[in-house]
Amino acid sequence: MARQQFSAEQQSVRVLKVGERVRHILSELLTRGEVHDETLSAHSVSVTEVKMTPDLKHASVYVKPLLGEDEDVVVKALRTNTAFFQREVAKRLGLKFAPKLQFRPDESFEEADRIERLLNDPKVARDLDDEEE
Numbered sequence: 009m010a011r012q013q014f015s016a017e018q019q020s021v022r023v024l025k026v027g028e029r030v031r032h033i034l035s036e037l038l039t040r041g042e043v044h045d046e047t048l049s050a051h052s053v054s055v056t057e058v059k060m061t062p063d064l065k066h067a068s069v070y071v072k073p074l075l076g077e078d079e080d081v082v083v084k085a086l087r088t089n090t091a092f093f094q095r096e097v098a099k100r101l102g103l104k105f106a107p108k109l110q111f112r113p114d115e116s117f118e119e120a121d122r123i124e125r126l127l128n129d130p131k132v133a134r135d136l137d138d139e140e141e
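Right, here's the structure in full:
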């Protein structure tokens, strides 16, 4: 049987869909408290994004504990339990290969705050007012 070829667009859509499925699976595992870890049980953790490599073998999982509290401790606990998460993702995803998960703190909120502060700076506001005139 011939192997099915995907166009670049179909491939990228597939990568996004698999990443979103992985995000949902991990969120469900954390919400239901299925991982037996005191640190993770004590924190509410959001899986904000999962970026997959094009070959679907690696996934960067961006996480944020509620209010950003104990972020380093939570990320360390997630990394400690990576084998459990990979096993569960493999079981629920149904792909030939399970992606290797890498947990990382989500810094997009801090970046958004930084940009917001820059835009609210009086110098920037003055420059924007000059452009409008």
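The number in our numbering is simply the position in the sequence shown, starting from 1, with 8 added. Heads up, the beta-carbon is just placed ideally off N, CA and C, and yes, glycines get one too.
| query | result |
| --- | --- |
| CB contact flag (residue 113, residue 57, <8 Å) | no |
| Segment contact, 8 Å Cβ cut-off, at least three pairs: the stretch 23-31 with the stretch 46-60 | yes |
| Through-space distance from residue 115 to residue 130, alpha-carbon basis | 25 Å |
| Cβ-Cβ separation, residue 69 to residue 111 (assumed contact under 8 Å), whole Å | 5 Å |
| Within the stretch 72-123, ranges of the beta strand (DSSP E) (whole runs, at least 3 residues) | 108-113 |
| Nearest to residue 49 (by Cα), restricted to the options 82, 67 and 123 | 82 |
| Residue 128 classed as buried or exposed, judged by whether at least 16 other C-beta atoms fall within 10 angstroms | exposed |
| Chain-order list of residues whose beta-carbon lies under 8 Å from that of residue 89 (same chain, five-residue window excluded) | 43, 45 and 48 |
| For residue 34, the nearest candidate out of 87, 21, 96 and 62 (CA to CA) | 96 |
| Of the listed residues 74, 100 and 25, nearest to residue 186 (C-alpha basis) | Here the chain covers residues 9 to 141 and nothing more, so residue 186 does not appear. |
| Cα-Cα separation, residue 109 to residue 64 | 11 Å |
| Pairwise C-alpha distance: residue 71 and residue 39 | 13 Å |
| Test item: CB-CB of residue 60 and residue 21 under 8 Å | no |
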